[in-house]
Structures are given as structure tokens and as C-alpha cells.
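Chains as they are written, first to last, in the numbering used here: chain X, 23 to 363; chain E, 23 to 363.
Notes for the one structure printed next.
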DNA sequence: GCCGACTTGGCAAGCGGTTGCCAAGTGTTG
DNA sequence: CAACACTTGGCAACCGCTTGCCAAGTCGGC
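Rendered as C-alpha cells:
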């Protein structure tokens with residue numbers, strides 16, 4: 023098997039130094055004199071030497087790899103997030119491993135355990151674990167939560183509270199007096215936060231708010247969600263995410279309920295499809311790729327500190343209401359000539 | 023650091039056997055007698071032993087990891103592919119590493135080299151490398167091409183030829199006599215194959231066919247692509263993929279060119295957004311997740327054979343024309359009362 | 001009862017790096 | 001010129017697991 027790749031020994035021989043010197047050239051910048059360093063690099067170049075990442079990981083316990091666990095890889099909302107994380111990781115010479123939890127708490131846990139030894143840290147996006155489980159996980163290895171906040175664990179989230187207030191304000195300004203929130207999974211932090219924020223903002227604005235669901239946040243669930251929401255009599259439907267909202271739009275179209283004439287619909291995430299569907303979807307978006315980027319940055323930062331030390335920042339990135347065609351004046355108001363033209 | 027995880031030594035001690043025995047229990051099924059085996063497993067369970075993947079990789083050269091390189095991670099077309107591959111990999115207890123080449127030949131190569139030692143094999147999706155480079159790469163490590171065929175390298179592709187014939191037949195049956203192909207990148211195998219198939223099929227059907235482009239397959243490029251295609255006078259526009267097609271639809275809408283009344287538009291891939299845009303998009307789709315799955319299977323199969331040995335299957339999965347609202351009777355025919363009603 | 005074939009488990013040498021410790025070399029200072 | 005503080009590079013012991021080779025044990029057959 024001497025056909026194999028060159029090792030640190032080969033480089034050391036060619037450069038006429040000890041293996042430790044070669045190793046340090048690659049790992050401890052500044053530790054080796056410039057002249058020696060150059061000689062080693064030259065030898066390495068000649069031989070086409072590439073450090074073996076496993077051998078390196080064995081002693082140093084650093085793999086230059088981070089894992090990102092997403093609750094459902096098919097949700098387009100994650101694409102931007104993944105993309106941002108991937109790019110930032112690459113810039114730091116880290117490899118990003120993508121892991122799909124398929125909306126399953128158990129699978130999520132299993133995967134984290136399986137990879138625990140192979141990666142330097144985890145990005146847990148939209149984790150469905152209970153808080154205490156997360157605390158336990160975070161105690162075992164570096165973890166950054168994405169779109170979820172838990173006391174004592176570093177996190178990056180896209181601002182939901184002010185965003186929800188904006189949604190309510192937008193709807194209120196259109197004359198709506200009742201909204202229904204078509205909720206996401208009960209173990210989704212975002213679902214909980216959004217409902218709390220919507221309810222409070224609605225109360226402040228003198229609007230009624232009810233919650234239906236929970237629903238799996240997919241297009242397929244939109245049908246049932248739409249029917250239930252319409253039954254509440256609300257004129258504004260706020261869906262847990264764009265996927266669900268798109269499903270709702272479809273069902274409403276099938277039932278010949280006009281959007282936004284009869285009811286308004288709002289989503290979350292501003293996925294690519296939100297501006298393609300009919301009508302185009304008003305949604306609370308934000309720079310998801312920045313969320314991914316920031317999450318990686320926080321994780322890298324925490325890798326620099328000894329375990330358990332270091333800060334656990336809770337970063338909140340701004341969200342942004344994107345108003346499109348799925349929201350309009352409340353049906354209740356249409357008789358009013360000033361509004362109905 | 024004795025706080026660290028238990029090792030094979032700990033297990034051996036508890037079970038009262040040699041470390042080699044423990045190792046073999048985990049790697050050579052059948053090599054160890056049932057009774058001993060049970061004792062070892064019991065000890066491992068008690069200690070919560072988890073094999074260290076790096077130590078294992080160091081000697082065995084197997085990492086239980088495969089890398090998937092995609093030309094552009096933001097292209098929704100890949101999502102299903104990634105998903106299929108990820109699930110199949112997980113089922114085989116392999117980890118899938120996702121790598122983004124950002125449509126750059128150089129970056130693609132760089133990443134492959136960087137990861138070469140950390141993974142057991144590569145899935146190269148829509149690779150932009152020239153054929154000979156791919157042959158070179160495939161000689162160095164197990165490689166499966168996705169949506170690209172090269173002599174002597176295993177591959178899985180979604181059938182383009184018959185699919186293109188179907189597109190042409192569909193357009194011909196609507197009375198179209200001229201089509202324009204808005205080409206993808208010149209170094210994209212699919213772009214080349216599609217154009218060849220469209221041209222041949224068009225010739226057979228007595229239809230004229232021209233090619234414009236190449237264009238980056240994104241929504242943003244659709245504007246220029248639409249303008250150029252309209253100038254050709256063709257009544258049917260076949261875009262390299264759905265993203266480009268959606269960009270085309272937008273531009274046409276801006277220019278008040280009606281689809282499908284004035285021109286018909288066809289895409290490729292059948293991404294999620296294809297049935298959301300206005301009008302909904304006729305497109306050549308297929309089960310992309312199956313492609314991902316099959317690719318992983320082929321790769322796993324080839325990992326079972328010694329390097330250079332083993333078959334290099336060229337798998338072709340069926341594509342499927344999904345007819346939606348963006349294609350309709352040719353404008354040339356509309357004066358005909360039978361068609362224009 | 002002995003022999004050969006087959007099982008089973010242990011020994012120990014790696015795999016390719018990292019890193020604590022030490023010694024030689026260099027330069028500075030009084 | 002001696003004393004001292006830094007630099008710089010080498011030695012060697014791991015990191016945790018795999019695996020070729022060997023020895024002891026089992027078992028059936030003659």
C-alpha cells in the first residue's frame with residue numbers, strides 16, 4: 023500500500039527535519055522559523071502532501087467539520103439558511119454536514135449522537151427537542167440553536183415579535199378585526215413565539231385572535247388548515263409558514279373563496295415560491311442566509327473557548343414584512359364605498 | 023482527559039477480553055463466538071461505548087461518509103436529489119456531506135481534493151468538469167456522476183432524449199412549427215444532451231429549432247433569455263430549466279406577451295415552484311429523489327469492490343412530461359376557427 | 001488415543017498525526 | 001565573558017482502533 027499518499031514522515035525526510043516540525047508548520051503558525059517553514063512547505067508541495075484529517079482528529083479532537091441538523095430538509099425555508107451556513111463554513115475551511123431529522127424528535131437525537139464524535143459542533147435548526155434535552159445536548163458539545171431560544175444556549179433567531187406586531191398592524195390598517203393563526207407543531211419554538219406575539223399584538227390593536235391547529239407545516243396540510251380557519255370566521259389568516267399558507271391559498275381557490283377579497287392570508291419565511299403563487303403571498307421574511315452565516319460564526323467563536331466557558335450569545339436578526347397580493351382590505355369593510363371604490 | 027468517552031480498552035477490560043476481540047465484535051460479524059460477543063456487547067452497553075470514527079478511519083480507510091457535490095446549492099432542482107441521497111445514505115448508516123460548487127469548475131475540483139481523504143466516495147451532480155478531468159478524478163476515488171454520462175464512469179441520469187422527444191411531440195400536436203431552446207451552460211452535459219435531442223426530434227417532426235444562449239440557469243437570466251428567444255420568432259420556448267423558464271415567464275408578462283396565447287414555454291426539472299407560477303409551467307420532470315437514491319446505491323455498490331474493479335453502470339431513470347398551462351395552441355393557428363373556437 | 005482441520009481469542013505493530021518536554025542555539029545585558 | 005531569557009527543532013509517547021499472525025482449544029474421524 024506504499025502507493026498511498028505521502029505522509030508527514032515523507033515530508034520530514036525530504037525537508038530534512040523532524041516530523042514534529044512538519045506538523046507544527048501546519049498547525050502552529052509562528053512556532054517554526056521562517057526559513058525552515060519554507061523548506062517544509064516546499065517539500066510538501068513537491069510531494070503533494072495533504073494532511074490526513076482523521077489522523078489529525080484522532081489526537082487533536084478537532085475535525086474541521088460542523089453538522090447542521092434541520093427539522094425537514096424538504097422545506098424550502100431551510101435552503102437559504104443552509105446556503106448561508108455552508109458558505110460561511112467553507113470560508114473558515116470547515117466542512118458542513120447536512121442532517122435531516124424528518125420532523126422527528128427521536129431521529130434528531132439519534133443523528134446528533136451518531137455524529138457527536140465526528141464533528142466539532144452542531145447547528146440545530148428549528149429543533150423539536152424539549153428545552154431540557156437541548157440543555158443536556160449543549161452540555162455535551164458545542165451547540166448553536168437556530169430559530170430557537172433556550173436559556174443558556176447560544177442561538178440565532180430571526181426576530182418574531184416585532185415582526186408579528188407588524189403583521190397585525192398591517193392587517194389592522196386594512197380594517198381587519200379578527201385573525202386566525204394556523205399553528206405549526208407544538209414543539210416548535212417559533213410556533214409558540216409567533217402565536218404569543220400575534221395574540222398580544224392583536225389584543226393591543228383591539229383585534230380578536232384565535233389559534234387553530236397544530237398543523238404539519240406543509241402544503242398538504244393547508245387544506246385542512248384553511249377549512250378550520252374559515253370556520254372561525256376570521257377575515258385574516260396567518261399561517262405558520264409559507265408552505266402552509268400556499269396550501270391554504272390552494273384550498274381557498276378550490277372553495278372559490280377569494281383572496282384577498284374575502285380573506286387575507288399571511289405566511290412566514292418568504293420562500294422563493296411566495297412570490298410565484300397566486301395571489302403572491304404577503305409574508306414575514308428576513309435574510310435567512312444571514313441567519314445561517316451568523317450561526318456558523320457563533321459556533322466557530324464558541325469552538326475557540328474551552329468547553330463550558332465562553333459566552334452564549336442570543337442573536338436576534340431583523341425580520342421584514344413583505345407585502346404582496348394576498349392581503350387586502352377586510353371583507354367587512356368592503357360595503358364602505360370609500361374602500362370598495 | 024480521562025473524562026473522555028470510553029474506549030475499546032475499557033470495554034475489553036470490563037468484558038475480560040482482548041481489545042482485538044472487542045474490535046472484531048464490531049467489525050467482523052461471525053468472527054467471534056456468540057457467547058463472547060454477547061459479553062462484549064453487554065460491556066459496551068454498560069459503558070455507553072461508541073466507536074471513534076476517526077480512529078477507525080485511520081486504519082481501515084473507510085469513513086462511512088460520502089460527499090455530494092452540487093453545481094449550485096440554491097437551485098431547487100437539487101433539493102429532491104439531495105433528499106433522496108440523504109435518506110438512502112442514512113439507511114446504510116452513511117453520512118452525507120453536502121458540498122456547493124457555486125457553478126465554478128475550479129471550486130468543484132478544490133472541494134473534491136479537500137475532501138478526498140475524508141469521504142469514501144463522491145456523488146458529482148451536474149458536474150461542470152470536462153470529461154477527461156472526470157476520468158482522472160474517478161481514477162483516484164469512487165465517483166458516481168449524477169445527470170451526466172461519461173464513458174467508463176458510473177452514472178445515474180434522468181432520461182433526456184425520449185423526454186425531449188415528448189416535448190417536441192407535445193408542441194407539434196399544438197401546431198407549433200418552430201421552437202427555440204434557451205440553452206444552459208455549455209459545460210453542462212444536460213444542456214448539450216437536451217439540445218441534441220430537441221434538434222433531432224424537431225427535425226423529425228418537421229419543426230424548425232434554434233438555440234440561444236448559453237444562460238446561467240437562474241430566474242435572473244430569464245429576462246435576457248426571453249428577449250433573445252422572442253427575437254428568433256419561435257412560438258415555443260424550451261428553457262434549460264424551470265428557474266430560467268420562470269424568469270422567462272416574468273419577462274414575457276412584463277412585455278405583455280401572453281403565455282400560452284402568444285408563445286408557449288416549457289421548462290425542465292419540475293421544481294416545486296413550477297406549479298405555483300403563473301401560468302403554471304409545463305415541464306419535463308421525473309422522480310429526482312429516486313435519482314439521488316439510485317446514485318447512492320451505485321456508489322455503495324462500487325465501494326464493495328476493490329478500486330478499479332467492479333462494474334460502472336450507467337443508469338437511466340425515466341423522465342416524465344408534466345403538462346400545465348404554459349403550453350397551448352400555436353399563435354399561428356389561432357386564426358383557424360376550429361382552434362380559436 | 002492421536003492427528004489434522006477448524007475455531008477462537010490475544011499479541012503487537014501499525015495508521016498518520018499532535019504535543020509536552022527537553023536541549024541546543026542565539027542574542028542580550030551587565 | 002558569564003548569566004539569562006528566548007527561539008527553534010527533535011524525541012517519543014500517545015490518540016483509539018484494525019488486522020496479520022500465531023497459539024491454544026475443540027472436535028470428529030480413524
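Just so you know, even glycine gets a beta-carbon here, dropped at the ideal spot from N, CA and C.
Query raised in the report: Nearest to residue 295/E by CA position, among 307/E, 285/E, 284/E and 286/E, is which residue?
Result: Checking every option, the nearest Cα to that of residue 295/E belongs to 307/E.
Query raised in the report: Taking Cβ to Cβ, would you say residue 271/E is nearer than 8 Å to residue 260/E?
Result: No, they are not a contact pair.
Query raised in the report: In chain order, which beta strand (DSSP E) runs of at least 3 residues are fully inside the region 90–132 of chain E?
Result: If we require 3 residues or more, the beta strand (DSSP E) runs fully inside the region 90–132 of chain E come out as 117–122.
Report task. Would you list the one or two residues that DSSP bridges to residue 305/E? Result -> Paired residues: 289/E and 344/E.
Query raised in the report: Which two residues bound the contiguous alpha helix (DSSP H) that contains residue 47/E?
Result: Note, residue 47/E: alpha helix (DSSP H), 41–49.
Requested in this report: Using a Cβ-Cβ cut-off of less than 7 Å, list which residues of the region 292–317 of chain X approach chain E; keep chain order.
Outcome: Of all residues in the region 292–317 of chain X, those with a C-beta nearer than 7 Å to a C-beta of chain E are 294, 295, 298, 299 and 300, reading in chain order.
Query raised in the report: Of the choices 103/X, 51/X, 171/X and 47/X, whose alpha-carbon is the least far from that of residue 316/X?
Result: Among 103/X, 51/X, 171/X and 47/X, the Cα nearest to that of residue 316/X belongs to 103/X.
Requested in this report: Under 8 Å Cβ to Cβ from residue 59/X, same chain only, skipping five residues before and after it: list those, please.
Outcome: So the list reads 47, once near-sequence residues are dropped.
Requested in this report: Please report how far the alpha carbon of residue 340/X lies from the alpha carbon of residue 215/X, in whole angstroms.
Outcome: Cα-Cα distance, rounded: 15 Å.
Query raised in the report: Is residue 349/E closer than 8 Å to residue 192/E when the C-beta atoms are compared?
Result: Taking C-beta atoms as the reference points, residue 192/E and residue 349/E count as a pair closer than 8 Å.
Query raised in the report: Who are the Cβ neighbours of residue 83/E in its own chain at under 6 Å, not counting the five residues just before and after it?
Result: Cβ neighbours of residue 83/E within its own chain (closer than 6 Å, five residues either side excluded): none.
Query raised in the report: What runs of the alpha helix (DSSP H), each 4 residues or longer, lie entirely inside the region 214–271 of chain X?
Result: Correct list: 244–253.
Report task. Report yes or no: is there a C-beta of chain E within less than 8 Å of the C-beta of residue 63/X? Result -> The beta carbon of residue 63/X does not come within 8 Å of any beta carbon belonging to chain E, so the residue lies off that interface.
Requested in this report: With DSSP as the reference, please indicate the residues paired to residue 203/X in a beta bridge.
Outcome: Looking at the DSSP assignment, residue 203/X forms a beta bridge with 233/X and 260/X.
Requested in this report: Can you check DSSP and say which residues form a bridge with residue 144/E?
Outcome: Under DSSP, the beta-bridge partners assigned to residue 144/E are 89/E and 165/E.
Report task. Spell out whether any CB of chain E is found under 8 Å from the CB atom of residue 30/X. Result -> Interface with chain E (8 Å Cβ-Cβ cutoff): residue 30/X is excluded.
Report task. Could you tell me whether the region 217–230 of chain E touches the region 153–164 of chain E, using the rule of 3 or more Cβ pairs below 8 Å? Result -> Touching, no, given that fewer than three Cβ pairs across the two stretches are closer than 8 Å.
Query raised in the report: In angstroms, rounded to a whole number, what distance separates the CA positions of residue 309/X and residue 293/X?
Result: Each residue's Cα considered, the two are about 11 Å apart.
Query raised in the report: Hey, does residue 25/E have any beta-carbon neighbour from chain X nearer than 8 Å?
Result: Because residue 25/E sits at a pLDDT of 47, beneath the cut-off of 50, its placement in the model cannot be relied upon, and the following sentence gives the value as read from the coordinates. The beta carbon of residue 25/E does not come within 8 Å of any beta carbon belonging to chain X, so the residue lies off that interface.
Report task. Give the DSSP bridge partners of residue 337/X, in chain order. Result -> In the DSSP assignment, residue 337/X is bridged to 178/X.
Query raised in the report: With 16 other CB atoms within 10 Å as the buried threshold, where does residue 31/X fall?
Result: With fewer than 16 other CB atoms across the displayed protein chains lying within 10 angstroms of its CB, residue 31/X is exposed.
Query raised in the report: Which same chain residues, not among the five before or five after residue 29/X, have their C-beta less than 7 Å away from its C-beta?
Result: Taking C-beta separations shorter than 7 Å and ignoring five residues to either side along the sequence, residue 29/X has no partners in its chain.
Query raised in the report: Between the beta-carbon of residue 168/X and the beta-carbon of residue 88/X, is there less than 8 Å?
Result: No.
Report task. Kindly say whether residue 137/E, judged by its beta-carbon, lies nearer than 8 Å to any beta-carbon of chain X. Result -> Using a Cβ-Cβ cut-off of 8 Å, residue 137/E counts as an interface residue toward chain X, since at least one Cβ of chain X sits closer than that to its own.
**Report entry** Helix, strand or coil at residue 58/X according to DSSP, with G and I counted as helix
**Finding:** Three-state result, residue 58/X: helix.
**Report entry** First through last residue of the alpha helix (DSSP H) which encompasses residue 331/X
**Finding:** Run containing residue 331/X: none; DSSP gives neither H nor E here.
Query raised in the report: Below 8 Å between beta carbons: does that hold for residue 37/X and residue 53/X?
Result: In this structure, residue 53/X does not lie closer than 8 Å to residue 37/X by Cβ.
Query raised in the report: When you compare each of 304/X, 305/X, 249/X and 258/X to residue 278/X by their alpha carbons, which one comes out closest?
Result: The candidate whose alpha carbon is nearest that of residue 278/X is 249/X.
Query - chain E contact for residue 140/X (CB, 8 Å cutoff) - result: For residue 140/X, at least one C-beta of chain E is nearer than 8 Å to its own C-beta.
**Report entry** Short CB-CB distance (under 8 Å) between residue 119/E and chain X
**Finding:** Put simply, the CB of residue 119/E is near chain X, with a gap under 8 Å to one of its CB atoms.
Query raised in the report: Alpha carbon to alpha carbon, what distance is there between residue 114/X and residue 312/X?
Result: Between the C-alpha atoms of residue 312/X and residue 114/X there is a straight-line separation of about 16 Å.
Requested in this report: Report, in whole angstroms, the separation of the C-beta atoms of residue 265/X and residue 122/X, which I expect to be a contact under 8 Å.
Outcome: About 16 Å; that fails the 8 Å criterion.
Query - CB of residue 176/E within 8 Å of CB of residue 92/E, strictly - result: If you check the CB distance, residue 176/E and residue 92/E do not come in under 8 Å.
Query raised in the report: Going by alpha carbons, who is nearest to residue 145/E out of 126/E, 203/E and 179/E?
Result: If we check each option's Cα against that of residue 145/E, 179/E comes out closest.
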